[in-house]
Structures are given as C-alpha cells and as structure tokens.
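Undergrad: Protein chains in written order, with our numbering: chain U, 8 to 338; chain R, 8 to 338; chain P, 8 to 338; chain Z, 8 to 338. We treat Cβ as the ideally placed atom computed from N, Cα and C, and that holds for glycine. None of the values given here were measured: they were computed from a predicted structure.
Number of protein chains: 4
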Amino acid sequence: MQFLSDNAAAVHPAVWEALKAADSPDSPYDGDALSAALDERFAQVFGKPCTVLWTATGTAANCLALATLVQPHGAVVCHEEAHIEVDEGGAPGFFLHGAKLILCEGAGAKLSPQAIRDAIDPIRDDVHQVQPHAISITQASEYGCSYRPAEVEEIAALARERRLGLHMDGARFANAVAFLDCAPSAVAGPVDALSFGFIKNGGLGAEAIVFFDRNLADVARYRRKRAGHLQSKGRFLAAQLHAMLEGDVWLHNARHANAAAQEIAQACDGRLMYPVEANELFVRCTVAERDALRDRGFGFYDWGEDAARFVTAWNTRDEDAVSLAKAIASL
Amino acid sequence: MQFLSDNAAAVHPAVWEALKAADSPDSPYDGDALSAALDERFAQVFGKPCTVLWTATGTAANCLALATLVQPHGAVVCHEEAHIEVDEGGAPGFFLHGAKLILCEGAGAKLSPQAIRDAIDPIRDDVHQVQPHAISITQASEYGCSYRPAEVEEIAALARERRLGLHMDGARFANAVAFLDCAPSAVAGPVDALSFGFIKNGGLGAEAIVFFDRNLADVARYRRKRAGHLQSKGRFLAAQLHAMLEGDVWLHNARHANAAAQEIAQACDGRLMYPVEANELFVRCTVAERDALRDRGFGFYDWGEDAARFVTAWNTRDEDAVSLAKAIASL
Amino acid sequence: MQFLSDNAAAVHPAVWEALKAADSPDSPYDGDALSAALDERFAQVFGKPCTVLWTATGTAANCLALATLVQPHGAVVCHEEAHIEVDEGGAPGFFLHGAKLILCEGAGAKLSPQAIRDAIDPIRDDVHQVQPHAISITQASEYGCSYRPAEVEEIAALARERRLGLHMDGARFANAVAFLDCAPSAVAGPVDALSFGFIKNGGLGAEAIVFFDRNLADVARYRRKRAGHLQSKGRFLAAQLHAMLEGDVWLHNARHANAAAQEIAQACDGRLMYPVEANELFVRCTVAERDALRDRGFGFYDWGEDAARFVTAWNTRDEDAVSLAKAIASL
Amino acid sequence: MQFLSDNAAAVHPAVWEALKAADSPDSPYDGDALSAALDERFAQVFGKPCTVLWTATGTAANCLALATLVQPHGAVVCHEEAHIEVDEGGAPGFFLHGAKLILCEGAGAKLSPQAIRDAIDPIRDDVHQVQPHAISITQASEYGCSYRPAEVEEIAALARERRLGLHMDGARFANAVAFLDCAPSAVAGPVDALSFGFIKNGGLGAEAIVFFDRNLADVARYRRKRAGHLQSKGRFLAAQLHAMLEGDVWLHNARHANAAAQEIAQACDGRLMYPVEANELFVRCTVAERDALRDRGFGFYDWGEDAARFVTAWNTRDEDAVSLAKAIASL
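1. Within the 8 Å Cβ cut-off, does I271 of chain P reach chain Z?
2. Considering only the alpha carbon of each residue, which of R:A274, R:R170, R:W321 lies closest to S337 of chain R?
3. Here's a check: name, in chain order, each residue in its chain whose Cβ is nearer than 7 Å to the Cβ of E87 of chain Z, leaving out the five neighbours to either side.
4. Quick one, which of U:W321, U:N322, U:L300, U:D46 has its alpha-carbon nearest L331 of chain U's?
5. When Cβ atoms are compared, which residues of the region 223-247 of chain U fall closer than 8 Å to chain A?
6. Please decide whether A7 of chain Z counts as near chain U, where near means a Cβ-Cβ distance under 8 Å.
7. C70 of chain R touches chain U at which residues, Cβ-Cβ below 8 Å?
8. Rounded to a whole number of angstroms, what is the C-alpha to C-alpha distance between G105 of chain R and A190 of chain U?
9. What residues in the region 256-285 of chain Z have a beta carbon less than 7 Å from any beta carbon of chain P?
10. Are any of the Cβ atoms in chain Z nearer than 8 Å to that of F101 of chain P?
11. Sort U:L173, U:R155, U:G115 by Cα distance to P139 of chain U and report the nearest one.
12. Residues of chain R with CB under 7 Å from P35 of chain U, in chain order?
13. Please report how far the alpha carbon of H135 of chain Z lies from the alpha carbon of V93 of chain U, in whole angstroms.
14. Measuring only between beta-carbons, confirm whether V217 of chain Z sits less than 8 Å from chain P.
15. Any residues in the region 99-124 of chain P with a beta carbon nearer than 9 Å to a beta carbon of chain R? Which ones, in chain order?
16. Flag this pair as yes or no: are the beta carbons of F10 of chain Z and F307 of chain Z separated by less than 8 Å?
17. Could you name the residues of the region 124-135 of chain Z whose beta carbon sits closer than 8 Å to any beta carbon of chain R, in the order they occur along the chain?
18. Taking the beta carbon of D327 of chain Z as the centre, do at least 16 other beta carbons fall within 10 Å, making it buried, or is it exposed?
19. Measuring straight from C-alpha to C-alpha, what distance separates D313 of chain R and E160 of chain P?
20. Quick check on DSSP: helix, strand or coil for A220 of chain U?
21. Distance, Cα to Cα, L26 of chain P vs R291 of chain P?
22. Pull up the DSSP beta-bridge partners for V84 of chain U, would you.
23. Any idea what DSSP makes of W61 of chain U, helix, strand or coil?
24. Among all the DSSP beta bridges, which residues are the ones paired with D176 of chain R?
25. With DSSP as the reference, identify every bridge partner of V290 of chain R, one or two as the case may be.
26. Just to confirm, is the Cβ distance from A21 of chain P to V256 of chain P under 8 Å?
27. For A43 of chain U and R221 of chain U, I'd like the C-alpha separation in whole angstroms.
28. Can you give the Cα-Cα distance for E24 of chain P and R303 of chain P, rounded to whole angstroms?
29. Would you verify that the beta carbon of A83 of chain R is, or is not, closer than 8 Å to some beta carbon of chain U?
30. What does G196 of chain Z touch in chain P if you count any residue whose Cβ is under 9 Å from its own?
31. Less than 8 Å between the C-beta atoms of K55 of chain R and S202 of chain R, yes or no?
32. Determine the extent of the alpha helix (DSSP H) in which K333 of chain U is found, giving its start and end residues.
33. Using 8 Å as the Cβ pair cut-off and three pairs as the minimum, do the region 70-80 of chain Z and the region 178-189 of chain Z touch?
34. Quick one: is T293 of chain P buried, meaning 16 or more other Cβ sit within 10 Å of its Cβ, or exposed?
35. Under 8 Å between C-beta atoms, does D46 of chain P make it to chain Z?
36. If you count every other CB in all the chains shown that lies within 10 Å of the CB of A295 of chain U, and 16 or more means buried, which is it?
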C-alpha cells in the first residue's frame, strides 16, 4: 500500500486510449492537430483566451514559464521550500541563466503579501543587489495547502504594484481546484503563467504551461525547443492533455485523491503539521510508529525526524486509505 | 504515401506493449528496475561496459552528451550542416553555456580528419580565440551517408591526438549500423558519448545517451535533471529502449527503412545527390517533376530549388516504396 | 618603429592629467561627479540625449551593449570577420547566454543590407532555427574601412523593418569620424548602442557604451555590475572619457593616426587590399619584402601568407610614417 | 572625515609612479614584461609557486576564481553575508552559469567547519539537489574578522575531505595578514585560489587572482578574456600590483588602516558588534548618536537601525581617527 508519492503512479486508462488513438502520423513537433487544439481546449477550462505549450516535466514547465518573466540579471521570489528551490537540481539557475531565487518564509509553504514584502523591501534599488522580476507560488503548496482565490488575488495585486510577473507552479493544481471547489480561473486567473500538472494526476509524461499573455508564450516556444523539450511526436503529449480534460478526468482524479487524503486525515487528530487541502499529509509520528506502519505494509517517506509524509493518488484504493487511517488511529 | 520524415512515424507495436507492461508503479525518475537495467542491456549491444541515460529528445541527448565534453569557454567542431548547428534552435548554446560551434565542410555532411584540421589548425592557441574541446559527427549524416568504421577510427585518432572529446549524433544510428552491417561497436566504439536514436525508428519518446566513460555519465545525470529532462515516470522511457533492443527490433526496423530507400534509389539513376547509405534520399528533380509526384499522392520536402528529400521509415509499406520508385523512374 | 597595433599605445598626456586630477575621493562605483556628468557630455557630442556607461574593455562594451538587444534564444548578425566573432574569446556567447552569431560576407569587413538579407532571409521563421535579434557593424571595420552615413542609414532602415536592434562596435569610431569628417551623429545617430572606443586612441583603460535609449542603458547597468565590470573607483574611468572629449582630443588623435596611415598608403600603390579609411593598412607583400622591412626596424603583423598589417596610432611619429612609406616604396 | 569605505580611497603615490613608469608601449594584453613577472613576484610573497592573473575588480576576481572550481550544476558554500551573495549583483550566477550559493550562518560572517557541515550534510546525494563543489571564505570577513591560520586549515581539511575546492575572497587580505602578523601563506596557503585585493588598499584598478594550481589558472585565463576582463594595456594593471608588493607597501598600508581602526575601537567599549580584526568597525549607536557624529563631520554608513559601520583606509589621517574615537567616546 504505497503512499510514497503520486509522481510515479499508474497512467489513467483514458490517457492510454488517447495515446493509442494518436498513433497515426501527423505533422511532427507541435504541428499536429491535437497540439493545435490545445489553446481552445484550455480556454474553455479557464473561460478566457490562453496559449498552451506541452512539456514532459514539471521542472521544464516551471522553468520555461519563469524564463519568460525573469531576465538573467533578475530574481524570482519564492518560498524557501518551493520545489524550484529545493528539488529541481538547480534548473532555475540553468533556464534563467543565473537569475537568483529570493526565498521567503510562510506557514504551509505558502507565500503571503507580507512575507514577499519582507523579503524584497530590504533590497536596495541599486545594481549591487539582484532585483526581483517575478513571484512564483505553488498551488497546492509543497505542504499540501491551497491558496484561496482571495489570497492569490492579493499576491497578484502586489505583483502588479511592483511590476513583477506572477507564476503558479501547479504540479498539483488539480488537487487545489478540487479542494477549493472553485472555477480554475478563480485561482489561476490573475497569474501570467501556470504550470498545469497532469503527470501526478494520471498522465504519462505531459504537463501544460498555460500562458494568459500570448507574447510570453511566443518566447517560451523558442526556449522550449532550445532546451530540447520540443518532442517530435508531440501529438502524444497533446493527446494526454486532451484526455485529462475530456469529461473532467483531471478533476475526478484529483477529487478521488483528495478524498483519500481526507479519509486518512480524519485519523490524524493532533498529528497533522498542516491542514490537508490537497492530497498530501504531513503527520507527526515517532520512529517506532513509523516502523509499526511500515510493518503493516504501508510505504511512505520520513519527513525529518519526527514526521512522515503520505501522498494519495488518483488511483489510491479506498480500502488502502481506510486501512492507513485505521492504522494511524491505532498508533 | 508519406516520405516527409521518419520523425513523426507511428510507434512500433513492441513499444506499445512494453509501455503498457511498464504501467505498474515503480520508483520514480530513473530509480525503477527498467532504467536500472539499461547499462547492462546496452553493454550487450556494444560488447563493453557503458552507462546509459534516457532522454525524450535527440536534441537533449546531443546537448547533454556534449556538455560533458565541452567547457563553456570551448567549442565543438562539427559539420556546417550538422543538426546541432542548423536545426536545434540554438540548444548547444544553451546547454553548453555559450560554447561555440566550429563549422567544417565535407561532402555528404560528413567530416574528415582533413576538414577538421583545416578548421582548427588556423585557430591561434591564445585566449582571444575559442579553442576546440570536442568533435561531433552524425551517424548516419544529415545527408544519409554513413561513416565507415575506419573513418570513425581516423577521426577518433585525431581527437585523441588533439585531446578532444568525440561525440556521435546517432539520431539514425540504427540505419547506419544496418547499412554497414557491422557490429555497433565498430562505429561507436571509439566515441566518448553516443546519442542513440530510437524515436525515428519506432519509439514514442525515448532516446539513449550511451557513455563509454562512467565519469561523463555522472556529470550528465546532474545536467539532465537540471535541464528538466528527468521524467518522473522514467520507467516508460526505459521500457521503450528495452523494447527496441529486444529481439533486435531496432535493427529490423532500420533494415526495413533502408531497404525501402534502396528500392527507391534504384529508380533515381543520375538524380541522387548523395549515396544512399541509410533511409534518406536527396533527389534532383524540377519543380514540375515534384508537382507530378505530389499529384500522385507522394508527400516529401523540397530540398532547395532543384531537389527533393524522401525519407523512409520503419513502417514504410513496400508497395509505397515501389510506387514511388516507379513514379520517379517515369519522370 | 612599431606599427603592430594601436591597442598597446602610450596614454595621452591629457588622460594622465585627468587621472591625477580625479584622485580625490568621491562616491564609489559610478556615483561620482565625473561619471554623473557623462550623459550630458556625450549628448553634446551627438547632439541628442544619450546614456553612457564606462567599461574597461571594448569586448565588455560590445557584449554589454548587445546583451540589451538580444535575448539568449536569438542571434546577432555580423560580419564573418567581426571582432566579436573572431577575437573576443567567445565573449558574446558568455554575455548573451549562448545567443548565436549569424555571419555575413562583405568586402572590407563591411556589411551591406543585401548581405544581411542574404544571411537572414533563408532562416525559417520557426523554433528550430535561431532568429536574428540584432545587427552589429564595426566602424571603422576590421579592415579599416568606414561606413558612410548613408550606408549606416540603409542598414538601420533594414534593422527597423525587421525589428532588429542595431549596435555599432566603434573600437575605432574616432578614426572613422575623422576620416569621414562628419558629425558623430551622422554615423552613430541611427544605432541603438555604440561601443565608443578610447583606449586605442590614447586612453588607458576606459571605453564608453553610448545608449540612445535610456531603457537599454538601465538594463546594461545591472549587467555591467553582474559581469564584474563596475569598478569601485569609477571616477578614473570617467575622467579618461572627459579628457578625451575635452578639446576634441579624440578627434585630433584620430586625425593624426589617420594622416600617418595616409602617408604610408601613398607608398602602397597597387599593394593595398582595402581602401585606407582609418588607421589600418593591409598591404600585399612577400615574405622577402616583409623580412626586408623588419630588417629596417619596422614592427607589424603578418596578414596571412601574402600580406602585412600596419596600424598607426595617435602617437605615431611623422618621421616613422615617412620612413615606412619610403621603405615600402623602395621594395 | 570619511569613514564610509575604503573602496573609493585615493591611490597610493607608489602606484601612480609605477603607472607612469609603465607608459612605454609593450606587448598588449598580458604579454608585457610586468604581467609576465607576476608569477615570480607573488611566489616570493607566498613562498611557493603560483600563477597570477590581474583583474580590474574584486567581483571579477572572485567569480573567475570560483568558475575554475565549480561546475554550472554545482554550488558554492559561503556565508549568508558573503559579498558574493549580497553585493555582487548576481555575478556568481553569471560567471558560474547558474551554479547556486549554499548559505551558512556564522558569527562575524565567518564560516566554521561545523557551519559548513550543517549546511551541506542535509543535502541528499541525488540529482534533485544541487551538490557543493567549492567553499568560499572571506579574509578578512565582511564584518572585519580575520580567520586564524588554524581556522583556515580546518576548513581546508574539510574541503579536502569532501573534495571541494577552496576559494578565499581576500578583498581585505592585506588587512587580515597585517592583523594576524603572520606569513601570507599561513592563511592563504591551503586555498586553491585567492582573490588578493589591492584596490581598497591603495590601488587604482587592479586585483590579483592567485592560483596555487596552474591548471586552474589556465582555465581562468580563457574565462577572463571571455568575460571582457583582459585589458589591452594590461601592463598598467600589473604595474599596480608590483608597486603594491614592492617594499611591502601593501602591508604598510594595511597596518596603517588597521591601526586607525584600533584607535577608534578603543573608544567603542561595549558598542562593538564584532571584534576589530582588520579595518572595519561595526558600532552600536542610536539614531541620535549617529546624527551627532555626522554633525561633527564624520561620514559613515548606517548599519541596520541600531548601528554604524566605520571603515578606515590606508590614507586615513591619524588625527581623523583620533577625532572619531573621541567623538564616539563622548557620546
């Protein structure tokens, strides 16, 4: 019973079908019909025009998006636990040509306007210090917390005021939207670029970068090729995205994962480090408790010395979630 | 009847099977069993130890390989028509941090030791001029010509003499090996890193970088993540490579494509710009002749003003090749 | 009697005086009064507003200027013999983060609109090929030829039409202006950024980047610091520029060097490879002839196998120029 | 009476003399006799072979040195207040192609082996996290504290153990050596590369990068040109370095500045934030106290809300130091 991560989960049947259906030759790269239809398809999701590029990884999505918002001599403001800072092998440094990450604190790995101001206000407006060019927030956050629409809007207002770009790392965007039960545009509407994740949610190897400014997308298009991320059989990436959007598979999958997380959360009374607002749980427990859980067959990561991280996925079985909940309750 | 390119061709059934078979969760990234088995699998192919990294594109494979051989202040020696120079959107400049490409001439887009010497000997050994760090050759070349084992060895000897790295862009390595009817190691043995292409030959989205020096691979591993090319469900890339090697699918596919090319070549008497030594044909023909071919339903690219490029693929139907041959013969 | 290069020539007395005069502490970096006065001082020279940054080398001036006009995924169009391509150790690749140089041919190392079009028109407007972002021309050219005002204007018109930036490498801008006997703005007016050279013309270690668009300068300011080119005692660089402009030292020096070059040119009947329009002469002569000249005490560089390059400087002695002229005439 | 910084101080007379004496043409760039003599001259200082490159700024010296020790996918371990992190406009990101800085804490802006271990031990040895390649320490530190020889050796031992390069930012190396009253090699001996500062100590615009491994210097040589830092009249930079070493001007100057700092320190009882081990004082004082000092004609920077920074220089007048001491004592 694996709760290690959603990032290696199985592929959704609808994705497999779409992949097979895409196996008739079409124009290479992103010249195929499926890729061409992405803009319109995502515009339906967001209720406004957008330009969409597929990529094979979330790291590439994040970095290509940021490269359109940040000059090499500038900086990205992000949380100190942000994936781009902690877990992408320095990819932002590569894609942004040495631009800096300015790190902020914030409960639940969420940024607040105040935390951002605290980080950037002390920066002297001179050439000796790197100036911020953009803000990046993660939805849901690295600790499974979701920004409310009003929170995103406040950060967006600050970004506009300071003339900063705004990027959303939506590796688990679906889980956040499902949790918030809001329109996708309610949380992504104010951003310039969204990394819309599908791989953790049932895809095989396709994420979307959604640009709400066509000019940014036009830059990203060149950068994507330059980064070796323009696959020649791009139809197979586009097909995955269509499959996930069709019939709201992305939302159904996310709701399922979230529900499993809630099931487990109910058993974690007093143990939760953060509110469970997506499909991740950070649960205080001792080494002995973790050993006990592992003895019962549960897979998960240690989180520091006194906690464990459990991640549910689109295909987590109900009975497994129930079992884990019971096991935790009985600790 | 498409002869536009092999890069958007259908996916081989064995690859589909392997993909589906890989759809049980395993460790993420390249921690899965299939990825772990690649080194040994490719060592069988080359008859010597090697370290293998999958990537989703040939551009990424080429540039990650070169990044292990070339410092940012150095240069890659390549043909002026090399894919890395002409068709990768400046990716070498990105991955190599501004390293230069030193361009050589050579018939059939092939380099010779003499052409390399002509290009690098005039470079003064001082800091004002960019010094070569590596050589990159394409097998089969951009004009469908294959380096003989002795030719590769001569270039490798020059590389050793000048202390240059040697990279082989093997986007159509299978076609070259099939044409040469030699052991893979006979042409790739002397290189430091090989981009071993599978996508044009029946894969969906997986190429291999084969390093014959583990230290280089260890650098590339970090660079791959840093470039956003480490996919979380890497098992699906590894699976493709295994499927292509199993039962020599890669060679069967390449032989089929080559045979189709030879079928067509026989009809091109006097029209061929280059010997047909893989699966590409560059055929002199007038605009009127090209119109005539297109009227009969053949798809292909113009090549300059007086020629056409035809590419066969692993799944080119025999009857289509025969039809095209007849059509050309009747021009 | 040295005619090797102007780049190691002595420092003009006015520069020494200005340096000593600047040796009272002032604000560090470019916060001093002399640096602050540069914009206005150069505006007088060009008859229009400009923003000026000092740098210690022409390579830095060129590359910082270009970095404001070219995105990392773009390219600079320049002559195949341009200093930025041939003699700057790959600095454009470093400063422009891997942007490419698109090379053009052209007599006397000068670009023409036609040569530029020939180079960029075949570039497909797709992501696989690197798109031009700017043009760089050298005034006077690497072969000592000067663009006439109308020639610069034609190139500028093409740049505007194609939405390309325009940079002028003016390492020997003074020599060109002196030769053309025109207003500086007549040749630099239409460019976006000018590397205005002073070091070869009597300076110690200060060049100027003249921006005619303040926004570009504001980017360059950050890039200059980021490249380690913001000297803490910047007043000494500003002082040099003021000294060179004061009383038109820059023009007097250039006229002197040009006159010496013309003196020599008169003796080179039939031997000149290029018209002498600045302070450089490229003179056909055999090995034996060069040996003879060296035996008489003249220092100069060989230029390929059949020619020599002679460069005059602001402090070339009249008698030395006359001697060289006689020596060449007597060959 | 300025105590703002030493970085804009006047130029030492010996430097002026050497500059003027160097004003006879010699080979350009670093081909001149003065540049050629640097290795041997510095070898005398350090009592062992070294290879020395001049640069115009400390930022360039630091970054060129680090670029020889750190691959783009690696990281530099440094103090969170290190100049390279805080005050170089992102230059390390530029020169190191996006390599990261790993920040450590430490009293007085000094690193300790433990602080380094605390920072790097939690880094998982996998490709998702950026691995350290080198350590950079500042001597004297950004808070005017000097590493004792044993402290440097401990850090060097850790560096060797972890196979990390070791760089010393010696912008105020002279002040540290003067304070420690030790042989230069006692503190710089164990490092791979030293940025040896002269500009704050009486130079005009020349620093030295001292490499104790010739191979590193050979890389830096190319990188220096590539960064536009190879000045054509390099003899003027070499001349400054020789002038500063001749007769131990560098040490005399540093001792003078340090003595002035000690003079002031004696008056700061209970106010000093850090021990005064070079030429900088960080002094707790209220806004009213600072106003009072400024009213008496003392120039200095505020340091946060409750302190002031005073910096003495090689040419601080004794009476000014005494005046400041009295003024502080009388607060």
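TA: So, from the listed chains and residues:
1. no
2. R:A274
3. L110, C111, E112
4. The residue among U:W321, U:N322, U:L300, U:D46 with its C-alpha nearest the C-alpha of L331 of chain U is U:L300.
5. No chain A is part of this structure, whose protein chains are labelled U, R, P and Z.
6. Not covered by the structure: residue 7 of chain Z. The range shown for chain Z is 8 to 338.
7. G235, listed in chain order.
8. 44 Å
9. none
10. yes
11. U:L173
12. Under the 7 Å cutoff, chain R gives S12, N14, A15.
13. 8 Å
14. no
15. Against chain R - using a Cβ distance shorter than 9 Å - the residues of the region 99-124 of chain P are P99, G100, F101, F102, L103, H104, G105, A106, K107, L108.
16. A contact, by the Cβ cut-off of 8 Å.
17. Taking 8 Å as the Cβ-Cβ cut-off against chain R, the residues of the region 124-135 of chain Z that qualify are V134, H135.
18. buried
19. 37 Å
20. Note on residue identity: the sequence assigns Asp, not Ala, to residue 220 of chain U. The answer is coil: DSSP assigns D220 of chain U none of H, G, I, E or B.
21. Each residue's Cα considered, the two are about 41 Å apart.
22. Answer is U:I109, U:I142, bridged to V84 of chain U.
23. strand
24. R:T145, R:S202
25. R:L279, R:A315
26. yes
27. 14 Å
28. Roughly 35 Å separates the two Cα atoms.
29. Here residue 83 of chain R turns out to be Val, not Ala, going by the sequence shown. Chain U, which has no Cβ nearer than 8 Å to the Cβ of V83 of chain R, makes this no.
30. Under the 9 Å cutoff, chain P gives no residues; its nearest Cβ is about 26 Å from G196 of chain Z.
31. no
32. 325-336
33. No, the region 70-80 of chain Z does not touch the region 178-189 of chain Z.
34. exposed
35. no
36. exposed
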